[in-house]
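Undergrad:
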Amino acid sequence: MEHSHKQSLGENKIAVLEQSLRYRNKLIAFLGHEVKGMFANIMWLIEAVESGMASPDMLQELLPELRAVADNNLSVFQKTWEWIKIQEDIYKPVVSVINAGSLYEEINHFFANRLQQKKMKLSFAGDEKLNFLSDPVVVQFVLRKVFENIIKFSISEKDVILDLLLNEEHTLVISIKAEVENTASSVFDILTFEEISGINVMNESETLSSGLLFAKDLAGILGGKLSAAPVKQRCVAICFELYNMRISG
């Protein structure tokens with residue numbers, strides 16, 4: 246009987262350690278995706294010169310803007326690092342007030358260069374004065390990963406729409422709608438599956454897709470859901486739902 250009890254305690258401890266290890270690995274992956282996102286912002290400008298879409302002289306003129314991008318990336322990284330230092334063996338929410346209008350401005354600023362390169366505009370639909378309580382680091386990370394994919398596969402010169410809606414069930418629905426290329430289906434379809442196995446994703450899109458899957462995982466940590474639904478023909482809507490939301494102000 247005593248041996249059985251000790252064995253049970255040992256198994257419980259192992260289970261706790263495994264859960265802790267999985268969460269720590271998740272935090273490392275979180276930081277890794279942030280670093281990739283930081284370099285991606287700068288790489289877009291370099292690739293524009295290499296592809297001939299921008300001249301070296303134009304890049305020289307963009308140096309102040311490039312500096313601003315680097316400063317913004319550093320700020321995002323520092324916020325993420327401070328958030329990670331607070332985390333323990335399980336997810337510890339760092340909740341604060343998030344304003345819908347400010348959230349739109351931050352996303353628009355972060356992706357300004359990529360949007361400009363594809364001659365796209367980010368429009369906002371919803372109540373800019375809406376304030377809700379959640380973990381801003383996680384919410385912004387999820388949205389950045391969605392936008393990385395949306396911009397990558399969107400058709401140039403087509404607008405992207407960010408919409409925030411609070412329904413009667415106190416569910417906050419953050420949706421991103423865009424007109425995308427036909428090849429995007431293999432990327433966004435992964436959000437409709439619970440497992441990655443059996444899903445074929447183009448090699449060049451693997452990094453973006455893994456970021457999208459990780460964003461889906463983090464949406465679940467918040468008690469929310471990330472999903473994709475085709476709107477019409479080549480249009481797609483990515484929905485980030487947060488349940489039982491508390492509204493501030």
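Numbering-wise, my numbering puts 352 at position 107 of the sequence shown, and it's gapless, one number per residue. Glycine included, C-beta positions come from ideal geometry on N, C-alpha and C.
#1: Suppose you measure from the CA of residue 480 to the CA of residue 329; what does that come to, to the nearest Å?
#2: Taking 8 Å as the limit between beta carbons, can you name the residues of its chain near residue 342, skipping five residues before and five after?
#3: Whether or not the segment 399-410 and the segment 363-373 are in contact is what I'm after, with contact meaning three or more pairs of Cβ atoms, one per stretch, closer than 8 Å; do they touch?
#4: When you compare each of 322, 407 and 339 to residue 370 by their alpha carbons, which one comes out closest?
#5: State the start and end residues of the unbroken beta strand (DSSP E) segment that holds residue 367.
#6: My assumption, with CB atoms under 8 Å, is that residue 409 sits in contact with residue 487. Please give the rounded CB distance.
#7: Please report the straight-line C-alpha distance between residue 382 and residue 424, rounded to a whole angstrom.
#8: Tell me, to the nearest whole angstrom, how far the beta carbon of residue 380 is from that of residue 458; I am working on the premise that it is less than 8 Å.
#9: Between the alpha carbons of residue 396 and residue 320, how many angstroms are there, rounded?
#10: Residue 469 to residue 317, Cα distance in whole Å?
#11: How close, in whole Å, do the beta carbons of residue 387 and residue 308 come, if the pair is a contact with beta carbons under 8 Å?
#12: Assuming residue 388 is part of the beta strand (DSSP E), what are its boundary residues?
#13: With DSSP run on the structure shown, which of helix, strand or coil describes residue 347?
#14: Are residue 421 and residue 391 closer than 8 Å when you measure CB to CB?
#15: Measuring only the C-alpha atoms, how far is residue 346 from residue 356?
#16: In whole angstroms, what separates the C-alpha of residue 478 from that of residue 398?
#17: Look at the alpha carbon of residue 293 and the alpha carbon of residue 415, and state the distance between them as a whole number of angstroms.
#18: Are the C-beta atoms of residue 301 and some chain D residue less than 8 Å apart?
#19: For residue 412, count the other beta carbons within 10 Å of its own beta carbon; 16 or more makes it buried, fewer makes it exposed. Which is it?
#20: Can you tell me which of the three DSSP states residue 404 falls into?
#21: Would you check if the distance between the CB atom of residue 340 and the CB atom of residue 331 is smaller than 8 Å?
#22: Determine the direct distance from the alpha carbon of residue 324 to that of residue 348, and round the result to whole angstroms.
#23: Suppose the cutoff is 8 Å on Cβ atoms and the five residues either side in sequence are ignored; what does the same chain contact list for residue 302 look like?
#24: If we ignore side chains and look at the alpha-carbon of each, how far apart do residue 352 and residue 483 end up?
#25: Could you check where the alpha helix (DSSP H) with residue 360 kicks off and where it finishes?
#26: Let's test the definition: count the other Cβ atoms within 10 Å of the Cβ of residue 427 and tell me whether it reaches 16, buried, or not, exposed.
TA: Answer, in terms of the structure:
#1: Distance between the alpha carbons of residue 480 and residue 329 is about 36 Å.
#2: Within the same chain, residue 342 has close Cβ partners 376, 377, 378, 493 and 494.
#3: Yes, they touch.
#4: Checked all of 322, 407 and 339; the closest Cα to residue 370 is 407.
#5: Residues 367-371.
#6: Not a contact, Cβ separation roughly 10 Å.
#7: Residue 382 and residue 424 have their C-alpha atoms some 27 Å from each other.
#8: In fact, because the Cβ distance is near 19 Å, the residues do not count as touching under 8 Å.
#9: When only Cα atoms are considered, residue 396 and residue 320 end up about 22 Å apart.
#10: Residue 317 has its alpha-carbon roughly 27 Å from the corresponding atom of residue 469.
#11: Their Cβ separation, rounded to whole angstroms, is 31 Å, which puts residue 387 and residue 308 out of contact at 8 Å.
#12: Taken as a continuous stretch (DSSP letters only), residue 388 belongs to no beta strand (DSSP E), being part of the alpha helix (DSSP H) at 381-398.
#13: The DSSP-derived three-state label of residue 347 is helix.
#14: Contact flag set, yes.
#15: If I take the Cα positions, the gap works out to 16 Å.
#16: Taking C-alpha positions only, residue 478 is separated from residue 398 by approximately 15 Å.
#17: Within the model, the alpha-carbon separation for residue 293 versus residue 415 is close to 43 Å.
#18: Considering every chain present, this structure includes no chain D. It has just one protein chain.
#19: When all chains shown are included, residue 412 counts as exposed.
#20: When secondary structure is reduced to three states using DSSP, residue 404 falls in the coil class, being assigned neither helix nor strand.
#21: The Cβ-Cβ distance between residue 340 and residue 331 does not fall below 8 Å.
#22: Here the C-alpha atom of residue 348 lies approximately 15 Å from the C-alpha atom of residue 324.
#23: The beta carbon of residue 302 lies closer than 8 Å to none in the same chain, with the five residues before and after it left out.
#24: Across the structure, residue 352 and residue 483 are spaced so that their CA atoms are roughly 15 Å apart.
#25: That run of the alpha helix (DSSP H) goes 357-362.
#26: In the assembly as shown, residue 427 is an exposed residue. Its beta-carbon has fewer than 16 other beta-carbons within 10 Å.
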